[in-house]
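Trainee:
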Amino acid sequence: MNMLDLKPFFKSIQDEIYCIVKVPDHFPNYYKGSDLDLFCYDINNLGKRLIAIGHTIVSSTIEIKITINNDYQQVYIDFINSGCLEFRFDLYSQLPNYKKLNIKQALFESIIENRIKKEMDSIYYFVPNAIDDAVVRYIEYHEWYSQRPDKIKHVDIILSKFSNEDLYVILSKLHHYISLPQYTQNEIAIEQKKHILILQIIIKTYCIFLNLVKKIMNHF
Amino acid sequence: MNMIPKITRIDYILIWGHGLVFEEEIIEIIRNCKFFKILYYIYYKPPKIDELIDAVYSYDYAPISHLKDKTKYLRKTPNEVLFIFFENLVPNEEFYGEKAFRHIESQTLKAFKENIRDVYNPYQYGQRTHDHIIHASDNEKQTHYILKYLGYKNGIYDIQKRNNIIDVPPFLNIANCTIKEIAIKNIIVSIAVGDRNKFIIEKVKIVESPQYKALNGDVSTYIQYIKSHRGGAIKMDHDIKKFMTMSNNFTYLDNVNHNTFIIVQKANMEYQLLDGLHRVSILKHQNIENVKVVVLN
Chain A
1 MNMLDLKPFF
11 KSIQDEIYCI
21 VKVPDHFPNY
31 YKGSDLDLFC
41 YDINNLGKRL
51 IAIGHTIVSS
61 TIEIKITINN
71 DYQQVYIDFI
81 NSGCLEFRFD
91 LYSQLPNYKK
101 LNIKQALFES
111 IIENRIKKEM
121 DSIYYFVPNA
131 IDDAVVRYIE
141 YHEWYSQRPD
151 KIKHVDIILS
161 KFSNEDLYVI
171 LSKLHHYISL
181 PQYTQNEIAI
191 EQKKHILILQ
201 IIIKTYCIFL
211 NLVKKIMNHF
Chain B
221 MNMIPKITRI
231 DYILIWGHGL
241 VFEEEIIEII
251 RNCKFFKILY
261 YIYYKPPKID
271 ELIDAVYSYD
281 YAPISHLKDK
291 TKYLRKTPNE
301 VLFIFFENLV
311 PNEEFYGEKA
321 FRHIESQTLK
331 AFKENIRDVY
341 NPYQYGQRTH
351 DHIIHASDNE
361 KQTHYILKYL
371 GYKNGIYDIQ
381 KRNNIIDVPP
391 FLNIANCTIK
401 EIAIKNIIVS
411 IAVGDRNKFI
421 IEKVKIVESP
431 QYKALNGDVS
441 TYIQYIKSHR
451 GGAIKMDHDI
461 KKFMTMSNNF
471 TYLDNVNHNT
481 FIIVQKANME
491 YQLLDGLHRV
501 SILKHQNIEN
511 VKVVVLN
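From first to last, the protein sequence lines stand for chains A and B.
In terms of the working numbering, the first sequence opens at residue 1 and continues consecutively.
In terms of the working numbering, the second sequence opens at residue 221 and continues consecutively.
As structure tokens, then:
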């Protein structure tokens, strides 16, 4: 039995524009210490509503810890029970900073705009459509697999759920939203200048060596 | 900043030194005006009144010759002023003036300003003089610039409530925090001692604050406290009538104010109050023992 009942939280944000990504199968139940990722347009408003419900359970043993990252691009709302993390709402107002893939930020809006409505006990909540869900899971796998091999589960889910045609659609969408690494004009110029400089040094050294050899040969 | 018409805007009224005798009455009139919502006070004593006059009117649109006459009398007024910054909820902007002096003004504020001047400007031979006791902004840009002149780096953005996950007053910056339940007896508060010309801040228990004393019947101490420190130590609008009304029917974190937490900071074994002295005084008066607060990290 979970300490937190997540249903009132989602009832309070029914009319907000958000999307729960990577919804676990056991939702609205959760494992102690787990989190739920929410993409949203208005992180302040969404956070306010969750806290308005959350503070009603604050007591001598239960606290809410709020962490604001990167100038409100990400907010953690942690429910702490007797010093241990019970559950976390992880709110995003833009795509996380992925290091292994360059993902265009427009994917964030695409996921929210194409979300689908689901219902539990007359409470509506929003999740990505099947294709977007698979795209996010694949990105997650790619980003974290080397550190967390359990992330392979995302690929397993994709392979088990989708036909070859669907996989084609998923990969096409992924391909569309992946961008090439960005180099600025300055960086390109600096790289080029570096190469030219190295070449110049090599040529100069070679010329000095040639002259030296000539002098020695003339001497003999 | 741009000049695109907005739904609301931030304006200011400046009470010149010779008008400060009417400070309480003018503030009461602003409070009673449904179009204005007071945000912030700044009591200011410039090194020389001429400097302030020049700063205020440097943003004016009127011809210089008109301004010279307009400001001549001001240079003889006392060297202290009170700025009242407020949200103008119905600006009703319109263009005034001709050619190079054409500019935007709020019709609401213009009419309000004239009413105040009709009542409080000096009269001579039955005619209202132009020795205005108040000055008002023509547009939000002027408000922004005068705040920067007064040392508020971000202008109007420094005096507005920030739209955060937790509602905070302009003088607080919320980064990371914890919502927890603490004993009210462990909260210490700050009060100003002195007056708005010169004051120090002292840390006291809740029961020693003017706010708590007012709830226990000593209203005059709190009234005097507000008057002495308005614009100095007290920048927000403290209204004794509003406070006493609020105390009669107060529920902390009710449906309307579910996000307006009392904000504290841990100080050894106690908690230093940063925002919410009125609310915590009421809760103490209601004999509430524990309170949910935001503790800044």
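Heads up, the beta-carbon is just placed ideally off N, CA and C, and yes, glycines get one too.
For I312 (chain B), which residues from the same chain have a beta carbon less than 7 Å from its beta carbon, with the 5 sequence-adjacent residues on both sides left out?
Mentor: Here residue 312 (chain B) refers to the residue found at position 92 of the second sequence. Note on identity: in this sequence residue 312 (chain B) is Asn, with Ile being the wrong assignment. S326, Q327, T328.
Trainee: Output the boundary residues of the alpha helix (DSSP H) element that contains V310 (chain B).
Mentor: Residue numbering aside, residue 310 (chain B) sits at position 90 when the second sequence is read from its first letter. Run containing V310 (chain B): none; DSSP gives neither H nor E here.
Trainee: Step through the CB atoms of chain A and report whether any lies within less than 8 Å of the CB of N384 (chain B).
Mentor: By one-based count along the second sequence, residue 384 (chain B) stands at place 164. Yes - at least one Cβ of chain A is within 8 Å of the one on N384 (chain B).
Trainee: Quick one: what's M120 (chain A) bridged to in DSSP?
Mentor: Along the first sequence, one-based indexing puts residue 120 (chain A) at 120. In DSSP, M120 (chain A) forms a bridge with A:I123.
Trainee: For a minimum of 4 consecutive residues, which ranges assigned as the alpha helix (DSSP H) are wholly contained in the stretch 417 to 465 of chain B?
Mentor: Segments of the alpha helix (DSSP H) lying fully in the stretch 417 to 465 of chain B: 430 to 435, 439 to 449.
Trainee: Which residues does DSSP list as the beta-bridge partners of F9 (chain A)?
Mentor: Within the first sequence, residue 9 (chain A) is the residue found at index 9, counting from 1. Beta-bridge pairing links F9 (chain A) to no other residue.
Trainee: Starting from E401 (chain B), find everything on chain A with Cβ-Cβ shorter than 7 Å and list it in chain order.
Mentor: Translated into the one-based positions of the second sequence, residue 401 (chain B) becomes position 181. The contacting residues are V58, S59, S60.
Trainee: On a Cα-Cα basis, can you pick out the residue from B:A487, B:A453, B:G437, B:H498 that is closest to M466 (chain B)?
Mentor: To locate residue 466 (chain B), count along the second sequence from 1; it is residue 246. It is B:H498.
Trainee: Taking the CB atoms as reference points, tell me whether N308 (chain B) and R229 (chain B) lie closer together than 8 Å.
Mentor: Start at 1 with the first residue of the second sequence, and residue 308 (chain B) comes out as number 88. Start at 1 with the first residue of the second sequence, and residue 229 (chain B) comes out as number 9. Cβ atoms of N308 (chain B) and R229 (chain B): closer than 8 Å.
Trainee: On the DSSP letters alone, give me the boundaries of the alpha helix (DSSP H) that R295 (chain B) sits inside.
Mentor: Reading the second sequence from its first residue, position 75 is the one you call residue 295 (chain B). Looking at the DSSP string, R295 (chain B) is not in any alpha helix (DSSP H), and its letter there is neither H nor E.
Trainee: Under DSSP, the beta strand (DSSP E) around K487 (chain B) begins and ends at which residues?
Mentor: Working through the second sequence from its first residue, we reach residue 487 (chain B) at position 267. Note that residue 487 (chain B) is Ala in the sequence shown here, rather than Lys. From DSSP, the beta strand (DSSP E) with A487 (chain B) extends over 482 to 487.
Trainee: Listing by chain order, which chain A residues have their CB less than 9 Å from the CB of K455 (chain B)?
Mentor: In the second sequence, residue 455 (chain B) corresponds to position 235, counting from 1. Near K455 (chain B) there are no residues of chain A at all, since even the closest Cβ is about 24 Å away, more than 9 Å.
Trainee: Which residues in chain C sit within 9 Å of L473 (chain B), going by Cβ to Cβ distance?
Mentor: Any reference to chain C falls outside this structure, whose protein chains are A and B.
Trainee: So, with DSSP's three-state summary, where would you put T398 (chain B)?
Mentor: In the second sequence, the residue the question calls residue 398 (chain B) occupies position 178. Three-state DSSP puts T398 (chain B) in a strand.
Trainee: At which residue ranges does the stretch 325 to 397 of chain B contain complete beta strand (DSSP E) runs of 3 or more residues, listed in the order of the chain?
Mentor: With a minimum length of 3 residues, the continuous beta strand (DSSP E) runs that stay inside the stretch 325 to 397 of chain B are 354 to 356.
Trainee: Please list the partners that I68 (chain A) has in chain B, where partner means a Cβ-to-Cβ separation under 8 Å.
Mentor: Numbered from 1 along the first sequence, position 68 holds the residue referred to as residue 68 (chain A). Going along chain B in sequence order, the residues near I68 (chain A) (Cβ under 8 Å) are I385, I394, A395, N396.
Trainee: Taking the alpha helix (DSSP H) that Y168 (chain A) falls in, what are its first and last residues?
Mentor: Counting from 1 along the first sequence, the entry for residue 168 (chain A) is found at position 168. Unbroken alpha helix (DSSP H) run through Y168 (chain A): 164 to 177.
Trainee: Could you check whether Y98 (chain A) and I139 (chain A) sit closer than 8 Å to each other, using their CB atoms as the reference points?
Mentor: In the first sequence, the residue the question calls residue 139 (chain A) occupies position 139. In the first sequence, the residue the question calls residue 98 (chain A) occupies position 98. For I139 (chain A) and Y98 (chain A), yes; Cβs fall inside 8 Å.
Trainee: Would you say I64 (chain A) lies against chain B (beta-carbon separation less than 8 Å)?
Mentor: The sequence position of residue 64 (chain A) within the first sequence is 64, counting from 1. It does; some Cβ of chain B falls within 8 Å.
Trainee: Can you tell me where the alpha helix (DSSP H) with L490 (chain B) in it begins and where it stops?
Mentor: Counting from 1 along the second sequence, the entry for residue 490 (chain B) is found at position 270. The amino acid occupying residue 490 (chain B) in the given sequence is Glu; Leu does not appear at that position. Here E490 (chain B) belongs to no alpha helix (DSSP H); instead the beta strand (DSSP E) covers 490 to 495.
Trainee: To the nearest angstrom, how far is it from the Cα of P8 (chain A) to the Cα of Q14 (chain A)?
Mentor: For the purposes of this step, residue 8 (chain A) is identified with residue 8 of the first sequence, where counting begins at 1. For the purposes of this step, residue 14 (chain A) is identified with residue 14 of the first sequence, where counting begins at 1. Distance between the alpha carbons of P8 (chain A) and Q14 (chain A) is about 10 Å.
Trainee: Taking only beta-carbon positions, decide if K48 (chain A) is within less than 8 Å of chain B.
Mentor: In the first sequence, counting from the first residue as 1, residue 48 (chain A) sits at position 48. With 8 Å as the cut-off, K48 (chain A) counts as an interface residue toward chain B.
Trainee: Shortest alpha-carbon distance to H352 (chain B) belongs to which of B:H238, B:I508, B:I408?
Mentor: In the second sequence, the residue the question calls residue 352 (chain B) occupies position 132. Cα-wise, what sits closest to H352 (chain B) is B:H238.
Trainee: Might you give, ordered along the chain, the residues of its own chain that have their beta carbon closer than 7 Å to the beta carbon of I376 (chain B), omitting 5 neighbours on each side?
Mentor: The residue you call residue 376 (chain B) lines up with position 156 of the second sequence. Once the five neighbours on either side are set aside, the close Cβ partners of I376 (chain B) are I230, E360, T363, H364, L367.
Trainee: Quick one: list the residues of chain B neighbouring V75 (chain A), beta-carbon separation under 7 Å, in chain order.
Mentor: Taking the first sequence and counting its residues from 1, one reaches residue 75 (chain A) at position 75. Under the 7 Å cutoff, chain B gives I385.
Trainee: Counting only C-beta atoms, is I13 (chain A) closer than 8 Å to chain B at any point?
Mentor: Reading the first sequence from its first residue, position 13 is the one you call residue 13 (chain A). I13 (chain A) does not count as touching chain B.
Trainee: Are the beta-carbon atoms belonging to I411 (chain B) and V424 (chain B) less than 8 Å from one another?
Mentor: Locating residue 411 (chain B) in the second sequence gives position 191, where the first residue counts as 1. Locating residue 424 (chain B) in the second sequence gives position 204, where the first residue counts as 1. For I411 (chain B) and V424 (chain B), yes; Cβs fall inside 8 Å.
Trainee: Closer than 8 Å, CB to CB, is L503 (chain B) near chain A or not?
Mentor: Residue 503 (chain B) sits at position 283 when you count from the first residue of the second sequence. It does not: the Cβ of L503 (chain B) has no partner Cβ on chain A nearer than 8 Å.
Trainee: Taking its Cβ as the centre, do 16 or more other Cβ atoms sit within 10 Å of M221 (chain B), making it buried, or is it exposed?
Mentor: By one-based count along the second sequence, residue 221 (chain B) stands at place 1. The predicted model places M221 (chain B) with a pLDDT of 48, which falls under 50 and marks its position as unreliable, so this point remains unresolved.
Trainee: May I have the straight-line CA-CA distance separating I20 (chain A) from R49 (chain A), to the nearest angstrom?
Mentor: Within the first sequence, numbered from 1, the residue matching residue 20 (chain A) stands at position 20. Within the first sequence, numbered from 1, the residue matching residue 49 (chain A) stands at position 49. Going from the Cα of I20 (chain A) to the Cα of R49 (chain A) covers about 16 Å.
Trainee: Please confirm if N479 (chain B) has its CB atom under 8 Å from at least one CB of chain A.
Mentor: Here residue 479 (chain B) refers to the residue found at position 259 of the second sequence. Yes, contact with chain A.
Trainee: Throw me the rounded Cβ distance for the I386 (chain B) and F481 (chain B) pair, which I believe falls under 8 Å.
Mentor: On the second sequence, position 166 is the one that residue 386 (chain B) refers to. On the second sequence, position 261 is the one that residue 481 (chain B) refers to. 6 Å between Cβ atoms; contact.
Trainee: Run down chain A in chain order and give the residues with a C-beta less than 7 Å from the C-beta of K512 (chain B).
Mentor: Sequence index remark: in the second sequence, residue 512 (chain B) carries index 292 (1-based). By Cβ distance, chain A contributes H55, V58.
Trainee: Round the Cβ separation of V135 (chain A) and L174 (chain A) to the nearest angstrom and send it over; I've been treating them as touching at under 8 Å.
Mentor: Here the question's residue 135 (chain A) lines up with position 135 in the first sequence. Here the question's residue 174 (chain A) lines up with position 174 in the first sequence. Correct: roughly 5 Å between the Cβ atoms.
Trainee: Can you check which of these residues, B:K381, B:G451, B:P430, is closest to D415 (chain B) by C-alpha distance?
Mentor: The sequence position of residue 415 (chain B) within the second sequence is 195, counting from 1. Taking only the C-alpha atoms, the option nearest D415 (chain B) is B:G451.
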